Structure formats: structure tokens, C-alpha cells
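Number of protein chains: 2
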Amino acid sequence: MAITLKDIAKKAGVSESTVSRVLNGIPKASSETRDKILKIAKELGYYPNDVARSLAKQKTHIIGLIVSDIANPYFASVIGGVEEVASLKGYSLIISATGGKEKEELKYIKILKEKKVDGIVFMSGRMPDSCEKALVESEIPTVVVSRKVKSFLPSIHIDNIGESYKAVEYLIKLGHRRIAMISGPCIDKESGYHRLLGYKNALADYDLPFEEELVQEGDFKMDSGRKAMENLLSLKKLPTAVFAASDAMGVGAIKAIKKAGLRVPEDISVIGFDNSIISLACDPELTTIGQPVKDLGRTAMEMLYKIIQGEELERRTIYLPCELIIRGSTKSLG
Amino acid sequence: MAITLKDIAKKAGVSESTVSRVLNGIPKASSETRDKILKIAKELGYYPNDVARSLAKQKTHIIGLIVSDIANPYFASVIGGVEEVASLKGYSLIISATGGKEKEELKYIKILKEKKVDGIVFMSGRMPDSCEKALVESEIPTVVVSRKVKSFLPSIHIDNIGESYKAVEYLIKLGHRRIAMISGPCIDKESGYHRLLGYKNALADYDLPFEEELVQEGDFKMDSGRKAMENLLSLKKLPTAVFAASDAMGVGAIKAIKKAGLRVPEDISVIGFDNSIISLACDPELTTIGQPVKDLGRTAMEMLYKIIQGEELERRTIYLPCELIIRGSTKSLG
DNA sequence: CTGAAAGCGCTTACAG
DNA sequence: CTGAAAGCGCTTACAG
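Order-wise, the sequence lines are chains A and B. 1 is the number of the first residue of the first sequence in this note's numbering; add one for each residue after it. 1001 is the number of the first residue of the second sequence in this note's numbering; add one for each residue after it.
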């Protein structure tokens, strides 16, 4: 059985209240009783029961994190950022993986409510209305990562449209005119549809025609990028550059291009999105849009902390800038 | 304010005890009161306060996970496995990142004790005596992942010596006689020293001489593999094959080899360790030893669950087998 | 089948 | 400066 306040109180011949105050550093004890209590606590190897404290204080100092897949390096990095700041502020992190399934998401929101977490970071696959409703109704301070919200819930994003625009614009400025895109699934609003939109916008602004055949849809994974590129390579008129909505698809594209006997970037330039580790592993190394993954997590947790503290958020929707990282997979045309 | 048992009891005109029993499905209530209580609970939108329940039951249904770096894909995958099984068994996961620092490790062990977690999965960088002592003294059921322990603490591993042996043996059977190794830091007993040991053992068993100059120490990251390979390439007599103790270093080695104008695997074969995503991103794709990362996590959690349930563990130390995955970076000699 | 009571281990006004 | 008491929201013998 663990040592409790009562044990210390008994041994010190004082009340539990006094022990509690001393141990919490509330400065209303004579240094005499103080020292005695501290000494006994140490002797007995006392450590507080945080469950009891949470119940009494109505605060758990736990943040709940809902994510679709922990093992996904992107989420893992964001989580790393959340954890870093949470730990700094004295919070622990409960992590739940939903596999992007709405039912699981709702289940975990319920569990987190029961666990009385002080806040929630939500970054599961999509953001179904049901989840958003549950989050709002939970009245638990919540920050949403990378998902558009309809309610007042605060959220943090990257500007998928603008950053994609940046990538394509870079290709255009390199002299490319026939630029293909390997997009994500368009049902994915942010990383799918918005990145495609950025591509379209850039083409439009630079008076380049949008051609259906130059857009192939993948699922963000390497193999889908490979297949998408094979399709593009079967076109009568090849593109001179490809914008992939993820590094993995970009790497897949490079593989397909090389397999077809063409060279990157001499024959076709490829640009990715994410700056994940694989963008450095491939050959040539992939030019890409670097997402501030860790900062997304950090900032999410900082926003959450403010809300928990009752502070006003200056902005309920924050966009973090990405960085164009130029490597060997892109080349000026001519 | 959230709805409590008391609210339901009052509205239903029964005692809290009865409400508690009904809500917990303890079958000693007339279906009449039962239905009434359930109905009211639903109306009021009641959900239990798990903190109070934890205090009363002396169980939190929380598992604490101590890891050095969440963002590391290897750990992220293991965590994914732990989470999967934990969730299945009705446990939540608190995750703490230590950066591999002993001080942080001790701090988190303390926090987890205070949070009264039902069990701990420990997979931080090393396993300092102080940590092991703290874990043992905490009396919290604990499973250690990938770290040798001195105490009775249960642990789960891969056989680093044997699996490395397997990798090197494969190269030998391909006809290679001059095989270099890019090892991890030897202060890292398991992934560092033991993998080197497996290399040495294989050489010895096949009557190949061990040559100091063929061993270069890296830090498991890509850049260190590149540098290590550059050193190897400056040898008068080049190796025909290289065993890297991590995929990242293997990829770095490939880059260095290609940069020097040589080919993989025609001139030099390379084999890695881990089967991480980057082993598929590089060119050629890397032959490697595939670690059962997710299963390590799953099994750790299953062991932990048994301990929590008070069951006997058949084996306190479990080794999970790895798989030799043959890809394009290795080639038969001649 | 149901209720009153004690308990889990803390915190925190309130008195003194 | 310190203690008695109530409270946080549950669970669980024990009686009836």
C-alpha cells in the first residue's frame, strides 16, 4: 500500500490539512512543522496520488490526443511537438489512434470526456460533423490540427493551396510549361483537393492550360505515385515536370521515371510535398515543400494551453508557413 | 457542471448505490428501476467520471509509455502496436518522451507513479541502473522493450546478434569475402555492440579474418553512414559488401558509393537493418533485416496485460524473429 | 432487490 | 499558523 497524507500526518502529529499545505508549498506553516513533515515524507518515500488530487481539484493535467495513425511519420512528428510543449507545461499526453474511422473517433472523444482530460488535440483523418459536434458539446478545450472546422473550434493548418501554388510556381519559373500533378484523393479536402487547387491556380495565373490528362490521383503512398507516373509516361506528350502532393508519391514517381529509362531531373523534374525523411533517401534527393511538422504540434499545444488558462486566443485559425526546399530532383528547363 | 450519479439518483428517487449498480450492469435491480435509471441517465446525458472511479477502484486503466523519441519512425511503429492492443483491452496510453536522458526518464517514472498508471512500457534509449531500480521499486507492472535488463523485469527483444549474423551470413553465401560493417555506437549495447558482435561471429564461423579497418562506427543516421562509407572507400583494398546496422546508414552508404562513381550492387553490395520506409525509397532498394516493429509493441502490451491480470508469464524474456528481405542492393559475387 | 455508510486520497474554505 | 469538516464522484461490503 502506498503512503498517504494520513500516514504522514499521524507520524508527524499534525493534521492532514497541514501536511497537504506544506507538501504543496503553501506558505503558512512554521518552519518547524514544515521541516518535520518534509523529513517524514522523505523517509516514508511519499509521493502524491494524482488521481485523488485530480478529483479534488477537478483538473487532471492530462491532454487527450486523437490521431488516425501514430506510426505515420507525419503524425508522429506532430505528436512529438505536442508532447514537447505539453511536458513543458506540466501536462501528460493520452494518445488514441482511430485509423481515421469515425466510429473510433467518437469512441475516443467519449473516453477522453470520461477521463476528464483538460484539453484535446484532434488530428484524425477527416473531421466528420459528428465529431465536431461531439467535441463542441464536450466543452473540453480543443484544438484541431490540419482540418477545416465549421464551428468556432480553434485550428492550426498549413496553407495547402498557397504552398502548392508555390511549388508549381517554382516549376514554372524554372521554365516548365507542361506540368503534371499527382494529387491525393480529392475527398481529402486539405491535402487532397486543396493541393490540387493550388496547382490549378498557379497554372491559371501563369496562363497555362489545365489539362485533365496531366492530373493523376494517388493515395499519398509511394506505390500510388509510381502507378500515377506510369500513366503519365504513357501520354503522347510527356510532361517536363511533376508536382506530387506527397514525398512518398514523388519518390514513387522518380522510380517510375528511372525505370522507364528517363532521367530526373534532366528529362523530367519532380517536386514533392512534406520534407519527410524519404525525400532525402531517394536519388536524386527530392525538391519539396517542407512542412513545419513539429511546430504544428508545438503551436497546437500552445494554443490549447492558452485556452485552458482562460486566455483569449489572438487568432482562432493559424496558418504556419512551409518552406520550399530545393534539391536535386528539379532543374531549369533549357 | 457535469451530471453525476447523485443527480440521476435524485431524479429517479433511488439511492446512488442502485444507480451505480445499474449503470455498471450489476444484475441486481428490478427491470423497472433499471429502465427508469437508464432512461434518466440517457436524458441527462450522463457519462461516468473516470477519475472518481479510478480512485474508488484503485485502477486507472492507463498504461504509461516511456520512449526516447516519439517522432522516430521505429519507436512510432512500436507505439502503434502497443496502442492497438492497449485499446483492445480497454486501456489508454500516456506517452512521455525523454530524449534518452536519464533525468527525464526518472522524472517520468515518478509522474507515472503519481498518475497511478496500471502498467508501464519502457523503451527509452538505454536502461540506466537508476531507471531499472526506480521501475522495480515502483511495483508497477512493467515491460521493457529492446533493452537488456538485470532484474526480473520482463522484456521483449529482437536477437541483434543472431539477426546480424544472418545478414552477414547472407553476404558470405553470396560469395563475399571482404565485408565491411558500419556499426552503431558501441555504448549502445543492443543495436550497437550486439550487431557488431553478430558480424564478428559470422566472419569467425566462416573463417574470414576480422579486420579493424573494415569497421566504421556511425550513429544510425544517414549522414554518418555516408561518412563511414567514404572512409571505407579510401581503403587501399575495397570491400565488396557492406553491412550497415541501420537502413539510414545503409542508404547513406549507397549515396557515398554512387557519388564515388561505383555502382550498387555491381561493385559493392549493401545490406541494412530495420526495413524502415527509407529502405524502399532509395535506389537500388535496400536489402535489409526486417524488424517486427509493430509486433514488438503488440507483444509488449500483451505481456503487460497478463502481468496486470496476475497471470504467470510463460517467458520473462521474449525474442521476436526478424526477416531477411532481399532487394536490389545485394548481389552474388561472380 | 435496495439503501445507508464508509472509503478511495486528496484539497480547501472556514474557524479559531 | 493549524485543525475539523465537507467535498470531489464514484464503488462496495453490509444490512435489511
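Cβ coordinates follow ideal geometry from the N, Cα and C atoms, glycine included. Predicted, not measured: the structure shown is a model, and the values here were computed from it.
Nonlocal neighbours in the same chain, by C-beta distance under 8 Å from residue i, ignoring five residues either side
| i | result |
| --- | --- |
| B:P1128 | E1102 and E1105 |
| B:A1009 | S1015, E1016, T1018 and V1019 |
| A:F75 | V67, S68, D69 and M123 |
Beta-carbon spacing of residue i, residue j below 8 Å
| i | j | result |
| --- | --- | --- |
| A:S124 | A:I66 | yes |
| A:L5 | B:A1052 | no |
| B:D1118 | B:I1062 | yes |
| B:G963 | B:F1220 | Residue 963 of chain B falls outside the range modelled here, since chain B spans only 1001 to 1334, and no answer is possible. |
| B:P1265 | B:K1173 | no |
| A:S92 | B:S1087 | no |
| A:N160 | A:S130 | no |
| B:L1333 | B:G1175 | yes |
| A:T98 | A:R178 | no |
| B:K1036 | B:A1012 | yes |
| A:D283 | B:D1283 | yes |
Contacts that residue i makes with chain A (C-beta to C-beta distance below 7 Å)
| i | result |
| --- | --- |
| B:D1050 | E114, K115 and K116 |
| B:T1060 | V51 |
| B:V1251 | A281 |
Proximity test, Cβ basis, 8 Å: residue i and chain B
| i | result |
| --- | --- |
| A:D7 | no |
| A:I94 | yes |
| A:E83 | yes |
| A:P265 | no |
Own chain, CB closer than 6 Å to residue i, minus 5 neighbours either side, in chain order
| i | result |
| --- | --- |
| B:I1003 | L1044 and Y1046 |
| B:S1151 | E1132 and V1136 |
| B:L1153 | T1142 and V1144 |
| B:P1292 | L1320 |
| B:L1203 | F1210 |
| A:R316 | P154 |
| B:E1285 | R1327 and G1328 |
| A:D188 | none |
Residues that residue i contacts on chain B, provided the C-beta gap is smaller than 7 Å
| i | result |
| --- | --- |
| A:I278 | I1277, I1278 and A1281 |
| A:I79 | I1070 |
Beta carbon proximity, residue i to chain A, threshold 8 Å
| i | result |
| --- | --- |
| B:G1218 | no |
| B:Y1199 | no |
| B:L1238 | no |
| B:S1124 | no |
| B:A1097 | yes |
| B:K1258 | yes |
| B:A1076 | yes |
Partner residues on chain A for residue i, Cβ-Cβ distance less than 8 Å
| i | result |
| --- | --- |
| B:Y1047 | K110, K113 and E114 |
Within chain B, the residues that residue i reaches when beta carbons sit closer than 9 Å
| i | result |
| --- | --- |
| A:M222 | I1277, L1280 and A1281 |
| A:L55 | N1049, V1051, A1052, S1054 and L1055 |
Other residues of its chain near residue i: CB distance less than 7 Å, five sequence neighbours each side excluded
| i | result |
| --- | --- |
| B:V1352 | The structure shown has nothing for residue 1352 of chain B, since chain B only spans 1001 to 1334. |
| A:Y199 | S164, V168, M181 and F243 |
| B:E1213 | L1235 |
| A:A260 | L233 |
| B:K1255 | R1226 |
| A:L313 | P154, M303, K306 and I307 |
| A:P73 | S276 and I277 |
| A:D223 | G252 |
| A:K89 | Y305 |
Neighbour list for residue i in chain B, Cβ cutoff strictly below 8 Å
| i | result |
| --- | --- |
| A:P73 | A1071, P1073, A1076 and I1277 |
The segment 263-283 of chain A in contact with the segment 237-254 of chain A per 3-pair CB rule at 8 Å = yes
So, do the segment 324-331 of chain A and the segment 108-115 of chain A have three or more beta carbon pairs nearer to each other than 8 Å?
-> no
Touching by the beta-carbon criterion (3+ pairs, under 8 Å), the segment 312-322 of chain A and the segment 217-231 of chain A = no
Pair every Cβ in the segment 292-304 of chain A with every Cβ in the segment 63-83 of chain A, then say whether three or more of these pairs are closer than 8 Å.
-> yes
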